[in-house]
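Contents: one structure, followed by commentary.
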Amino acid sequence: MLTHNHYGQALGREIKDWVKRAAPEKVTLKGDYCIVLPLSSDHAEDLFPEWHSIDDDRDWTYLSDAKPATKEQCYQYFRKLSSDKDKLYFAVKDIHDGHIKGMFCVTHIDPNNGVFALAEINWTPLMKRTRLSTESLFLIISYFMDKLHYRRCEWQTNSLNSQSIDSAQRIGFIREGILRDKRISKGYAEDIAFFSITASDWVDTAAALKAWLRKENFDERGRQIHKLESFRVAVNSGDA
1 MLTHNHYGQA LGREIKDWVK RAAPEKVTLK GDYCIVLPLS SDHAEDLFPE WHSIDDDRDW
61 TYLSDAKPAT KEQCYQYFRK LSSDKDKLYF AVKDIHDGHI KGMFCVTHID PNNGVFALAE
121 INWTPLMKRT RLSTESLFLI ISYFMDKLHY RRCEWQTNSL NSQSIDSAQR IGFIREGILR
181 DKRISKGYAE DIAFFSITAS DWVDTAAALK AWLRKENFDE RGRQIHKLES FRVAVNSGDA
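Counting from 1, one number per residue, gives the positions in the sequence shown under UniProt numbering.
Printed below as a string of structure tokens:
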């Protein structure tokens with residue numbers, strides 16, 4: 001709801017008693033299917049062979065880095081990422097078999113305004129299109145939104161990265177627009193598509209995700225019975 005000052009100028013929605021949010025920590029978050037934990041060089045043991053289980057680099061096209069060519073390079077890569085002062089890198093462990101199957105980072109962390117962004121999401125072939133990918137993102141967003149009370153989660157991606165765009169919208173991110181020629185990556189200009197989930201969005205988005213993640217929504221092979229979108233429709237209609 002808009003408010004106006006004494007000049008009649010329109011202002012944004014008033015936020016009363018706002019205080020700077022706490023900085024996030026390198027936490028470990030446990031769900032029903034996965035554990036989100038701080039990335040370490042040891043995770044190269046699982047991720048390196050999975051990244052090289054396919055012969056090409058198509059999964060790295062839209063990432064800022066190149067796929068490590070050797071296991072030693074992978075160790076060095078992870079040591080570099082885990083020591084980053086501005087980003088928090090996390091790995092995703094499959095509870096079922098104990099193996100690390102993906103990684104991502106949280107960046108653009110702004111406690112003053114309660115804003116953070118998800119980035120560099122890199123799932124192995126074993127993790128793609130599984131409940132682990134959905135639950136891991138739910139766990140980290142919930143940590144920021146529900147525990148630290150941040151106001152906005154961002155998702156930024158190359159506007160040509162259709163898989164990333166589909167993933168963002170499936171989770172519940174709202175498309176905001178495109179910033180043209182925002183950056184250069186690997187020698188190419190990139191237009192960046194922006195998506196977000198705000199605190200007010202998160203109430204229904206979280207409810208739909210929780211409903212979809214219930215164990216009864218999966219068969220004995222871990223395949224979904226009902227799509228996430230059906231739970232979102234139910235939540236929005238008040239039937240969930």
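Glycine included, C-beta positions come from ideal geometry on N, C-alpha and C.
On a predicted model such as this, the values are computed, not experimentally measured, just so you know.
**OP:** Quick one: give me the first and last residue of the beta strand (DSSP E) that TRP123 is part of.
**Re:** Indexing the sequence shown from 1 puts residue 123 at position 123. Taken as a continuous stretch (DSSP letters only), the beta strand (DSSP E) holding TRP123 covers 115-123.
Original post:
Between the stretch 181-193 and the stretch 139-151, do three or more beta carbon pairs fall short of 8 Å?
Top reply: no
Original post:
CA-CA distance, LEU81 and LEU11?
Top reply: Here residue 81 refers to the residue found at position 81 when the sequence shown is read from its first residue. Here residue 11 refers to the residue found at position 11 when the sequence shown is read from its first residue. LEU81 and LEU11: Cα-Cα distance of roughly 40 Å.
Original post:
For ILE178, which of ALA208, GLU45, SER196 and LEU137 has the nearest alpha-carbon?
Top reply: For this step, residue 178 is matched to residue 178 along the sequence shown. Distances from the CA of ILE178 to each of ALA208, GLU45, SER196 and LEU137 were compared; the closest alpha carbon is that of SER196.
**OP:** Pull up the distance between the alpha-carbon of residue 256 and that of CYS105, whole angstroms please.
**Re:** Because residue 256 is not part of the residues shown, which for the chain are 1 to 240, the question remains open.
Original post:
What did DSSP end up calling TRP155 once you bin it into helix, strand or coil?
Top reply: As a position in the sequence shown, residue 155 is number 155, starting the count at 1. In this structure, TRP155 counts as strand in the three-state DSSP scheme.
**OP:** Look at HIS43 and PHE78 and say whether their C-beta atoms are less than 9 Å apart.
**Re:** As a first step, residue 43 must be located in the sequence shown, where it is residue number 43. As a first step, residue 78 must be located in the sequence shown, where it is residue number 78. Yes, the pair counts as a contact, with Cβ atoms nearer than the cut-off.
**OP:** Using the DSSP secondary-structure output, state which residues sit across from ASP110 in a beta bridge.
**Re:** The count along the sequence shown starts at 1 and reaches residue 110 at position 110. Paired residues: VAL115.
Original post:
Do three or more CB pairs link the stretch 212-220 to the stretch 127-139 at distances below 8 Å?
Top reply: yes
Original post:
Does the pairing of the stretch 19-36 with the stretch 83-94 give three or more beta-carbon distances under 8 Å?
Top reply: yes
**OP:** Taking the CB atoms as reference points, tell me whether ASN217 and ILE225 lie closer together than 9 Å.
**Re:** Numbered from 1 along the sequence shown, position 217 holds the residue referred to as residue 217. Numbered from 1 along the sequence shown, position 225 holds the residue referred to as residue 225. Taking 9 Å as the Cβ cut-off, ASN217 and ILE225 qualify as a contacting pair.
**OP:** Assuming ALA117 and GLU154 form a contact by the criterion Cβ under 8 Å, report the distance between their Cβ atoms to the nearest whole angstrom.
**Re:** Translated into the one-based positions of the sequence shown, residue 117 becomes position 117. Translated into the one-based positions of the sequence shown, residue 154 becomes position 154. Cβ-Cβ separation between ALA117 and GLU154: approximately 4 Å, consistent with a contact (criterion under 8 Å).
Original post:
Between which two residues does the alpha helix (DSSP H) harbouring ALA168 extend?
Top reply: Walking along the sequence shown from the start, residue 168 turns up at place 168. Element bounds for ALA168: 162-171.
Subject >> Span separating the alpha-carbon of GLY8 from that of SER40 >> reply: As a first step, residue 8 is located in the sequence shown; it is residue number 8 there, counting from the start. As a first step, residue 40 is located in the sequence shown; it is residue number 40 there, counting from the start. Cα to Cα, the separation comes out at about 54 Å.
Original post:
Helix or strand or just coil, what does DSSP make of SER133?
Top reply: Position 133 of the sequence shown, counting from 1, holds the residue named residue 133. Three-state DSSP puts SER133 in a helix.
Original post:
Whose C-beta lies closer than 6 Å to the C-beta of THR3 among residues of the same chain, with five residues either side of it excluded?
Top reply: Locating residue 3 in the sequence shown gives position 3, where the first residue counts as 1. If we look at THR3 and ignore the five residues flanking it on each side, its Cβ neighbours are LEU11 and GLU14.
**OP:** Go through its chain and collect everything with a Cβ distance to ASP181's Cβ below 8 Å, but skip five positions before and after it.
**Re:** As a working note, residue 181 is residue 181 in the sequence shown. The residues are ALA189, GLU190 and ASP191.
**OP:** Report the residue from ARG232, LEU88 and LEU47 whose alpha carbon sits nearest the alpha carbon of ILE171.
**Re:** Residue 171 sits at position 171 when you count from the first residue of the sequence shown. Of the candidates ARG232, LEU88 and LEU47, the one whose C-alpha sits nearest the C-alpha of ILE171 is ARG232.
Subject >> GLY222 versus MET1: straight-line alpha-carbon distance, rounded >> reply: As a first step, residue 222 is located in the sequence shown; it is residue number 222 there, counting from the start. As a first step, residue 1 is located in the sequence shown; it is residue number 1 there, counting from the start. Their backbone Cα atoms lie some 43 Å apart in a straight line.
Subject >> For ALA22, the three-state DSSP class (helix, strand or coil) >> reply: Along the sequence shown, one-based indexing puts residue 22 at 22. Three-state DSSP puts ALA22 in coil, outside helix and strand.
Subject >> Candidates TYR89, SER200 and LEU47, of which the one nearest MET145 by Cα >> reply: Translated into the one-based positions of the sequence shown, residue 145 becomes position 145. Comparing Cα-Cα distances from MET145 to each of TYR89, SER200 and LEU47, the minimum goes to SER200.
Original post:
In terms of residues, what are the limits of the alpha helix (DSSP H) holding LYS80?
Top reply: In the sequence shown, the residue the question calls residue 80 occupies position 80. It spans 71-82 - the alpha helix (DSSP H) in which LYS80 sits, taken as one unbroken run.
Subject >> Rounded straight-line distance, which links the Cα of GLU45 to that of LYS71 >> reply: Counting from one through the sequence shown, the residue named residue 71 turns up at place 71. Counting from one through the sequence shown, the residue named residue 45 turns up at place 45. Their backbone Cα atoms lie some 8 Å apart in a straight line.
Subject >> Per-residue burial, GLN156 [other beta carbons within 10 Å of its own, 16 or more giving buried] >> reply: On the sequence shown, position 156 is the one that residue 156 refers to. Answer is buried; the Cβ neighbour count reaches 16.
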